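Residue numbers (this note's numbering): 13 to 351. Notes follow once the structure below has been shown.
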Ligand code: AHR
């Protein structure tokens, strides 16, 4: 069971975006060990004891990820937080090593974006034993004990998948064969975006996924996978592409053009993230729709981290508000996009 799914369901039933659970609302163990007067360190003001935060980032696989890193690093700098930042280069093993190193350094709070959902239970137990609260950023973990982390802030990836499917439901007619470029296997966004899309089309039999392969959330791998697909017999009759992120869609657009086809016309394309490059592709008529996934969560993340370090109650789940963008609004909005 992936516990955050249960939380999502509950949140849906309650009709609220923010879900408080008892598990995440306790006094942070690190708060009791914070030096006297460190209220200011967590909230600004104590120059002697800056809050120390260990952050393990997935990597730099996409425009989205680079914007997310910028948002986190610049916000930490603004608040005078001592950020120990580690790039895992898309490897779970590197994240586990980084988290163990943060524990050994005795940081005040650990935060990370898990590259995949599983395999973090033990290291999270180690952090808990050491009394260091953990705040998950962007992606969830699959653990049996939800108290292993204090809060998960990030998008509703299942909803993003539903929204992508909705575009095809609303803007196509007749039978539609969909190719799907999947994100990193085992990652929360890949699992959830696949789930949300399938859920939305389950009662629309004219829309069928006929091919599904990973492009690992990168432009290069997205292009390579789609190039091979276009040469295969499975490509016959395929008129739609659902890419789990914009980078893979942009790679696929190159492959489609090189194959002599028109992206956005011969193959309708919907992807996720809403990066600037996606807006450019929509203006060029090569991408039909992008579903927003907002990476600029640094301010919200550090609000939560500072609160948990002060021993304040924080929600166990915080969702980020997002929109859907289509070709007709792309030119008007491109200059206002920050990533
Ligand atoms: O976890 C968010 C996803 O990770 C973004 O959609 C993707 O671009 C990134 O690499």
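Quick reminder that beta carbons are idealized off the backbone N, C-alpha and C, glycines included. Quantities reported herein were computed from a predicted structural model and do not represent experimental measurements.
Own chain partners of residue i with C-beta closer than 6 Å, once the 5 adjacent residues on each side are dropped
{"i": "residue 184", "result": "none"}
{"i": "residue 41", "result": "A caution first: residue 41 carries a pLDDT of 34, below 50, which makes its placement in the model unreliable, though a value can still be read off. The answer, listed in chain order, is 143."}
{"i": "residue 226", "result": "194 and 197"}
{"i": "residue 131", "result": "104"}
{"i": "residue 81", "result": "69"}
{"i": "residue 204", "result": "169 and 170"}
{"i": "residue 250", "result": "189 and 191"}
{"i": "residue 231", "result": "259, 262 and 263"}
{"i": "residue 97", "result": "67"}
{"i": "residue 186", "result": "none"}
{"i": "residue 304", "result": "286, 334 and 335"}
{"i": "residue 87", "result": "310, 311 and 314"}
{"i": "residue 301", "result": "179, 282 and 338"}
Close Cβ partners of residue i (< 7 Å) along its chain, the five nearest in sequence each way excluded
{"i": "residue 343", "result": "295"}
{"i": "residue 202", "result": "194, 195, 196 and 256"}
{"i": "residue 78", "result": "72"}
{"i": "residue 267", "result": "235, 238, 239 and 242"}
{"i": "residue 317", "result": "65, 121, 123 and 147"}
{"i": "residue 350", "result": "308"}
Unbroken beta strand (DSSP E) run spanning residue i, endpoints
{"i": "residue 252", "result": "250 to 255"}
{"i": "residue 304", "result": "301 to 304"}
{"i": "residue 75", "result": "Looking at the DSSP string, residue 75 is not in any beta strand (DSSP E); the run it does join, the alpha helix (DSSP H), is 75 to 90."}
{"i": "residue 331", "result": "329 to 331"}
{"i": "residue 94", "result": "94 to 99"}
{"i": "residue 69", "result": "64 to 69"}
Residue i - DSSP class collapsed to helix/strand/coil
{"i": "residue 130", "result": "coil"}
{"i": "residue 339", "result": "helix"}
{"i": "residue 109", "result": "helix"}
{"i": "residue 120", "result": "coil"}
{"i": "residue 125", "result": "coil"}
{"i": "residue 170", "result": "helix"}
{"i": "residue 48", "result": "Residue placement at residue 48 cannot be trusted, given a pLDDT of 30 that sits under 50; what the coordinates show is reported in the next sentence. Residue state, collapsed to three classes: coil."}
{"i": "residue 244", "result": "coil"}
{"i": "residue 295", "result": "helix"}
{"i": "residue 158", "result": "helix"}
{"i": "residue 326", "result": "coil"}
{"i": "residue 16", "result": "Residue placement at residue 16 cannot be trusted, given a pLDDT of 45 that sits under 50; what the coordinates show is reported in the next sentence. Helix at residue 16."}
Run of the alpha helix (DSSP H) containing residue i, from where it starts to where it stops
{"i": "residue 318", "result": "310 to 321"}
{"i": "residue 284", "result": "Taken as a continuous stretch (DSSP letters only), residue 284 belongs to no alpha helix (DSSP H), being part of the beta strand (DSSP E) at 280 to 285."}
{"i": "residue 265", "result": "258 to 270"}
Nonlocal neighbours in the same chain, by C-beta distance under 8 Å from residue i, ignoring five residues either side
{"i": "residue 347", "result": "none"}
{"i": "residue 277", "result": "297"}
{"i": "residue 102", "result": "70, 71, 73, 127, 196 and 228"}
{"i": "residue 4", "result": "Outside the shown range of the chain, which is 13 to 351, sits residue 4, and nothing can be said about it."}
Chain C within 9 Å of residue i, Cβ atoms only
{"i": "residue 113", "result": "Looking at the structure shown, chain C is missing, and only one protein chain is on hand."}
For this session: Any chance you could list the alpha helix (DSSP H) runs of at least 4 consecutive residues sitting entirely within the region 174 to 238, in chain order?
Result: As far as the region 174 to 238 is concerned, its whole alpha helix (DSSP H) runs of at least 4 residues are 200 to 213.
Exercise. Can we say the region 250 to 257 touches the region 277 to 290, given the rule of at least three CB pairs closer than 8 Å?
Worked result: Yes: the two stretches touch, three or more of their Cβ pairs being nearer than 8 Å.
Problem set entry | Three CB pairs or more closer than 8 Å across the region 232 to 242 and the region 201 to 214 | No, the region 232 to 242 does not touch the region 201 to 214.
Exercise. Where in the region 132 to 156 do unbroken runs of the beta strand (DSSP E), each at least 3 residues long, occur, reported from the N-terminal end onward?
Worked result: 146 to 149
Problem set entry | Cβ contact (3+ pairs, closer than 8 Å) linking the region 331 to 338 and the region 108 to 116 | no
For this session: Count the C-beta pairs between the region 216 to 223 and the region 174 to 193 that are closer than 8 Å, then say yes if the count reaches three, no if not.
Result: The region 216 to 223, when compared against the region 174 to 193, does touch it at the 8 Å Cβ threshold.
Exercise. Do three or more CB pairs link the region 87 to 97 to the region 60 to 67 at distances below 8 Å?
Worked result: With a cut-off of 8 Å, the region 60 to 67 and the region 87 to 97 count as touching, because enough Cβ pairs lie within range.
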